[in-house]
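In what follows, a structure is listed as structure tokens, so that the remarks can point back to it.
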Amino acid sequence: MPGDWLYIGLFLLIVAIFPGVPILIAAFLAPRKPHPLKNQTYECGIETHGDTWVQFKAQYYIFALVFLVFDVELVFLFPWAVAFNQLSLFGVAAGVIFVLILFVELMIAWRKGLLEWV
Amino acid sequence: MNDFLEFVKDPVNGIANWIFGLLTGWGMAPDLAGGLLKLVGAGVMCLFGLMLVIVLIWLERKLYARIQDRLGPNRVGWWGILQTFPDMVKIFTKEYITPKGADIVPYNLAPILAVSGVLAVWAVLPLSSTIYGADLNVGVLYIVGVGAIGSLGIILAGWASNNKYALVGAFRAVSQMVSYEVPMVLALLVPVLLARTMGVNSIVHAQSVWFILVAPLAALMFMLTSQAEVGRAPFDLLEAESEIVAGFQVEYSGLKFGMFFVGEFLHAFTISLLTATLFLGGWRGPWAQEWPILGVFYLFLKAAAVYFLVVLMRIALPRFRIDQMLNFNWKVLTPLALVVLMVTALVEKILFDANITLQSAPLGYVLVHLAINALIFAGYLWLALSNQKQREIPVVGKPRPTAVPPKP
């Protein structure tokens, strides 16, 4: 098992290096002729107006909240699924009720109109 | 002769053992030699993944062309198979244009992350019964965790480009990839539950019957949602050319732009590999246990079949609108995935208590699960169809007069 994690560590290292090296090589091969006009932001033909990093109306921030609830819940469900054989029928039912509560939550969110794109 | 047969059965481990023997024979510590071997193995695996993209690009262009009644690349090499190499030479010699005011560090980091997030999944993929990198006991969690890095790269790219279209693309990427992660992980839970393990190789070992027969709905949902995670048509909202120029990659040029494409193609094939591994029995097949090299062949055959479906979906379907995309996720896939998970868990436990498992009574087990899946799907269809609102099409203005031939 420690050997496996060593492999994962080495793999992640290599995975970070492998796409980076061609990009570096291409930086030497490619011509470099910057020009103020060329380096302008490419939007729709006219010059860009104002700051890009402005406050942005994110219509789906409520989706992000719903997502957070689900993602945290999913982490709890993985060990439940792995320990399935050792659980009694009651244990499985407890997990199912846990999911059911989330299902009802989703239905409430839907009913309240939180899942509508506005 | 016998040694040769052993070598043909499993060349990868044969070479690895030979190198290991050679290194320890030179007096290297076995731990160091093992670590070095792991490094080489990881390098070969990554290189294999990246080289595969060259074939994939050609394959997809050819498929694309055939379905659209064209010929596709057909000049360089046999059937245009070498077309990707001149393209690579061209893209290597293209200038990098960095836009004014871009945030340099995330701007340059994004293309690397987009590829590495996908490639990292390959670390836990079992290519065959003996050829695998790491057999983690939390393999599925690792796949989910690492898969998020790719979307991080896309978000960084859109944010750092100092371009409003790129920013819109990044926001769309956030909503899409974050949303589709929920049903994807729920669908992934089903094979974990059926196999009682999170190790990817153990899931393959548990599939004496392919899980697509036991959990067809989960397999379908996994395929659809991972297609959305890749961000290709019909879910290519984050780079919708006709709406937001090219989305998150507007400001990229040269090989940095190319790296996003490499990441996309590799991701599409990686999800095919994952679907094949988790639902289609992975490397399992006739004689795959005795001849590990055959397992690689089976796995890639199955993955190619899934990949064909993925490409077909990309070609045949038009792009979703963003509200349709979110509705499809939150109002169709997520409730369905939750119901499938709950019902599967209960049925599985009842069957297990009645001592009907995949090993003891495969036919009854599969039939019960298939029937339950069919019931859920039928119930869903009935609910959806009965609640469907009849949309009235408003009539605007009167019908125009049409030309009437004069009466004789």
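So the sequence lines, in the order shown, correspond to chains A and B.
When the letters of the first sequence are read in order and numbered with the numbering used here, they come out as residues 85 to 202.
When the letters of the second sequence are read in order and numbered with the numbering used here, they come out as residues 364 to 771.
No residue lacks a Cβ here, since even glycine has one placed at the ideal position from N, Cα and C.
- Message: In whole angstroms, give me the CA-to-CA distance for arginine 429 (chain B) and valine 673 (chain B).
- Response: Position 66 of the second sequence holds residue 429 (chain B). Position 310 of the second sequence holds residue 673 (chain B). The straight-line gap from Cα to Cα measures roughly 15 Å.
- Message: Just verifying my parser: in three-state terms, what is the DSSP assignment at tyrosine 495 (chain B)?
- Response: The count along the second sequence starts at 1 and reaches residue 495 (chain B) at position 132. Note: tyrosine 495 (chain B) maps to strand in three-state DSSP.
- Are the C-beta atoms of lysine 372 (chain B) and some chain A residue less than 8 Å apart? Taking the second sequence and counting its residues from 1, one reaches residue 372 (chain B) at position 9. Not an interface residue.
- Within-8 Å CB hit, phenylalanine 102 (chain A) to chain B: Position 18 of the first sequence holds residue 102 (chain A). At least one chain B Cβ lies under 8 Å of phenylalanine 102 (chain A).
- Message: Within 8 Å of any Cβ in chain A, is that where the Cβ of phenylalanine 455 (chain B) sits?
- Response: Counting from 1 along the second sequence, the entry for residue 455 (chain B) is found at position 92. So, interface residue.
- To the nearest angstrom, how far is it from the Cα of leucine 499 (chain B) to the Cα of glutamine 570 (chain B)? Locating residue 499 (chain B) in the second sequence gives position 136, where the first residue counts as 1. Locating residue 570 (chain B) in the second sequence gives position 207, where the first residue counts as 1. Rounded to the nearest angstrom, the two C-alpha atoms are 18 Å apart.
- Item | Residue environment, valine 759 (chain B), which counts as buried when at least 16 other CB atoms sit within 10 Å | Within the second sequence, residue 759 (chain B) is the residue found at index 396, counting from 1. Exposed, because fewer than 16 other Cβ atoms sit within 10 Å of the Cβ of valine 759 (chain B).
- Task: Could you say which of B:Glu614, B:Leu662 and B:Leu709 lies nearest to glycine 179 (chain A) if we only look at CA atoms?
- Result: Numbered from 1 along the first sequence, position 95 holds the residue referred to as residue 179 (chain A). Checking every option, the nearest Cα to that of glycine 179 (chain A) belongs to B:Leu709.
- Query: Using a Cβ-Cβ distance under 8 Å, would leucine 121 (chain A) count as near chain B?
  - Reply: Here residue 121 (chain A) corresponds to residue number 37 of the first sequence, with the count starting at 1. So no, leucine 121 (chain A) is outside the interface.
- Measuring only between beta-carbons, confirm whether lysine 117 (chain A) sits less than 8 Å from chain B. Taking the first residue of the first sequence as 1, we reach residue 117 (chain A) at position 33. Judged by the 8 Å Cβ criterion, lysine 117 (chain A) is in contact with chain B.
- Message: Determine, for glutamate 131 (chain A), whether the minimum Cβ-Cβ distance to residues of chain B falls below 8 Å.
- Response: Position 47 of the first sequence, counting from 1, holds the residue named residue 131 (chain A). No, glutamate 131 (chain A) does not count as interfacial toward chain B.
- Query: Do the stretch 122-129 of chain A and the stretch 457-469 of chain B make contact, defined as three or more Cβ pairs closer than 8 Å?
  - Reply: yes
- Item | Reference glycine 610 (chain B); option with closest CA among B:Glu423, B:Phe632, B:Leu490 and B:Leu519 | On the second sequence, position 247 is the one that residue 610 (chain B) refers to. If we check each option's Cα against that of glycine 610 (chain B), B:Leu519 comes out closest.
- Using a Cβ-Cβ cut-off of less than 9 Å, give me the residues of the stretch 382-393 of chain B that come near chain A, in sequence order. none
- Runs of beta strand (DSSP E) lying entirely within the stretch 104-142 of chain A, each at least 3 residues, in chain order: none
- Query: Mind pulling the chain B residues with CB within less than 8 Å of glutamine 124 (chain A)?
  - Reply: Position 40 of the first sequence, counted from the start, is the residue given in the question as residue 124 (chain A). Simply Pro462 and Lys463.
- Task: Identify each residue in the stretch 539-559 of chain B for which the Cβ-Cβ distance to at least one residue of chain A is less than 8 Å, and report them in chain order.
- Result: Val541, Ser542, Glu544, Val545, Val548, Leu549, Leu552, Val555, Leu556 and Arg559
- Message: Within 8 Å of any Cβ in chain B, is that where the Cβ of valine 183 (chain A) sits?
- Response: Indexing the first sequence from 1 puts residue 183 (chain A) at position 99. For valine 183 (chain A), the answer is yes, since a Cβ of chain B falls inside 8 Å of its Cβ.
- Task: Mind checking the stretch 609-640 of chain B against chain A and listing, in chain order, the residues whose C-beta falls within less than 7 Å of any C-beta there?
- Result: Val613, Glu614, Gly617, Leu618, Lys619 and Met622
- Scan the stretch 395-426 of chain B for residues whose Cβ lies nearer than 8 Å to a Cβ of chain A and list them as they occur along the chain. Gly397, Gly398, Lys401, Leu402, Gly404, Ala405, Gly406, Met408, Cys409, Leu410 and Leu413
- Task: Report the neighbours of glycine 496 (chain B) on chain A: residues whose CB is nearer than 9 Å to its CB, in chain order.
- Result: As a first step, residue 496 (chain B) is located in the second sequence; it is residue number 133 there, counting from the start. Residues of chain A passing the Cβ test: Asp88, Tyr91, Ile92 and Phe95.
- Which bits of chain B does glycine 179 (chain A) rub up against, with CB to CB less than 7 Å? Counted from its first residue, the first sequence places residue 179 (chain A) at position 95. The answer, in chain order, is Ala708.
- Query: In terms of residue numbering, what span does the alpha helix (DSSP H) encompassing serine 524 (chain B) cover?
  - Reply: For the purposes of this step, residue 524 (chain B) is taken as the residue at position 161 of the second sequence. It is not in any alpha helix (DSSP H) - serine 524 (chain B) carries neither H nor E in the DSSP assignment.
- Message: Using a Cβ-Cβ cutoff of 9 Å, what residues of the stretch 572-586 of chain B are near chain A? List them in chain order.
- Response: none
- Nearest CA to the CA of alanine 737 (chain B): which residue from B:Phe624, B:Lys694, B:Thr640 and B:Leu576? Working through the second sequence from its first residue, we reach residue 737 (chain B) at position 374. Among B:Phe624, B:Lys694, B:Thr640 and B:Leu576, the Cα nearest to that of alanine 737 (chain B) belongs to B:Leu576.
- In three-state terms, what does DSSP make of isoleucine 597 (chain B)? In the second sequence, residue 597 (chain B) corresponds to position 234, counting from 1. It is worth fixing the name first, because residue 597 (chain B) is proline in this sequence and not isoleucine. Coil, per DSSP.
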